[in-house]
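**Q** In terms of numbering that gives the first Met the number 0, the sequence shown has 128 at position 129, counting the first letter as 1, and numbering is strictly consecutive.
Backbone N, C-alpha and C fix where the C-beta goes; we use that ideal spot for every residue, glycine too.
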Amino acid sequence: MAAHIDRARKGIEEFLIKYPVVDDVVSKASETTKVGKVNLVMGVLGFTAVWLAIGYGSPFLCDFIGFVFPAYLSFKAVESPDTRDDTQWLTYWIVYSYFGILEFFSDYLLFWIPFYSLIKCSFLLWMVNYNGASLIYTRFIRPFLSVREDAIDSVVDRVEDVADKLDDYIQKDD
């Protein structure tokens, strides 16, 4: 058990080094509360896990975690000169979009899964921190779309034509 806790502590320290913006926030909270940074993060993670498992509003919290942190990191990636991180975040958002569509259509089934918000949040964090989005994209989404790319492009072209005609019609009436 102690080895697992030590690994978790080391992982938190590495995470804080990797994301200095998060480290700054945690450092300020640590100074205010007089609790060590790693202990503070472990406490917040534990509270969040319990809230996601049984708390009111846990779907909102899960969506917030799966959206806000990746959105900020996407902003940082766009602003950086390195394009590799742009690809990482585009991949995340593609997988996130497909996951959202699947979740929308299977909501009545997912509602019955105990601790679904905790499972979903863990999945989204796995996609962010362990490059899980790239794995899902390369194994499932890319092969699915590659086979259907021409048909999808054809539909997109027709929709663009209809949108152009609609725009022309609206502009003509003004």
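1) Taking Cβ positions, are Ile135 and Val94 nearer each other than 8 angstroms?
2) Could you give the first and the last residue of the continuous alpha helix (DSSP H) run that contains Tyr71?
3) Identify which residue in Ser96, Val25, Tyr55 has its Cα closest to the Cα of Gly41.
4) Check each candidate in Ala76, Asp81, Gly65 and name the one with the smallest Cα separation from Val127.
5) If you draw a straight line from the alpha carbon of Gly45 to that of Asp85, how long is it in whole angstroms?
6) For Asp22, collect the residues of the same chain with a Cβ closer than 8 angstroms to its Cβ; drop the 5 residues on either side in sequence, then sort them by chain order.
7) I'd like to check one pair, Ser121 with Gln87: are the Cβ atoms closer than 8 angstroms?
8) Pairing CB atoms from the stretch 44-61 with CB atoms from the stretch 105-120, are three or more of them under 8 angstroms?
9) Which whole runs of the alpha helix (DSSP H) in the stretch 82-156 are 4 residues long or more, in chain order?
10) Let me confirm a value: Ala70 is counted as buried when at least 16 other C-beta atoms fall within 10 Å, else exposed. Which label applies?
11) Can you tell which of Leu72, Ser153, Phe59, Val146 has its C-alpha closest to the C-alpha of Ser116?
12) With a CB to CB cut of under 8 angstroms and the five nearest residues on each side skipped, what residues in its chain are close to Ala76?
13) At the level of alpha carbons, what is the spacing between Ala52 and Asp167?
14) Rounded to a whole number of angstroms, what is the C-alpha to C-alpha distance between Ser105 and Ser96?
15) Based on Cα-Cα distance, which residue from Ala28, Phe103, Phe74 lies nearest to Asp62?
**A** Walking through what the data contain:
1) Here residue 135 refers to the residue found at position 136 of the sequence shown. Here residue 94 refers to the residue found at position 95 of the sequence shown. Yes.
2) Taking the sequence shown and counting its residues from 1, the one referred to as residue 71 is at position 72. Residues 57-78.
3) Within the sequence shown, numbered from 1, the residue matching residue 41 stands at position 42. Before going on, a small fix: residue 41 reads as Met here, not Gly. Checked all of Ser96, Val25, Tyr55; the closest Cα to Met41 is Val25.
4) As a working mapping, residue 127 is identified with position 128 in the sequence shown. The option with the nearest alpha carbon to Val127 is Gly65.
5) Locating residue 45 in the sequence shown gives position 46, counting from the first residue. Locating residue 85 in the sequence shown gives position 86, counting from the first residue. Taking the straight line from one Cα to the other gives about 31 angstroms.
6) For the purposes of this step, residue 22 is taken as residue 23 along the sequence shown, with counting starting at 1. Cβ within range, chain order: Leu15, Ile16, Lys36.
7) Indexing the sequence shown from 1 puts residue 87 at position 88. Indexing the sequence shown from 1 puts residue 121 at position 122. Going by C-beta atoms, Gln87 is not nearer than 8 angstroms to Ser121.
8) yes
9) Correct list: 83-104, 106-109, 115-128, 131-135.
10) As a first step, residue 70 must be located in the sequence shown, where it is residue number 71. Flag for Ala70 reads exposed.
11) Residue 116 sits at position 117 when you count from the first residue of the sequence shown. Closest by alpha carbon: Phe59.
12) Stepping through the sequence shown from its first residue, residue 76 is reached at position 77. Annotation for Ala76: Asp84, Asp85, Gln87, Trp88 place their beta carbon closer than 8 angstroms to its own, counting only its chain and skipping 5 residues before and after.
13) The sequence position of residue 52 within the sequence shown is 53, counting from 1. The sequence position of residue 167 within the sequence shown is 168, counting from 1. Going from the Cα of Ala52 to the Cα of Asp167 covers about 52 angstroms.
14) The residue given as residue 105 occupies position 106 in the sequence shown. The residue given as residue 96 occupies position 97 in the sequence shown. Each residue's Cα considered, the two are about 14 angstroms apart.
15) Translated into the one-based positions of the sequence shown, residue 62 becomes position 63. Cα-wise, what sits closest to Asp62 is Phe103.
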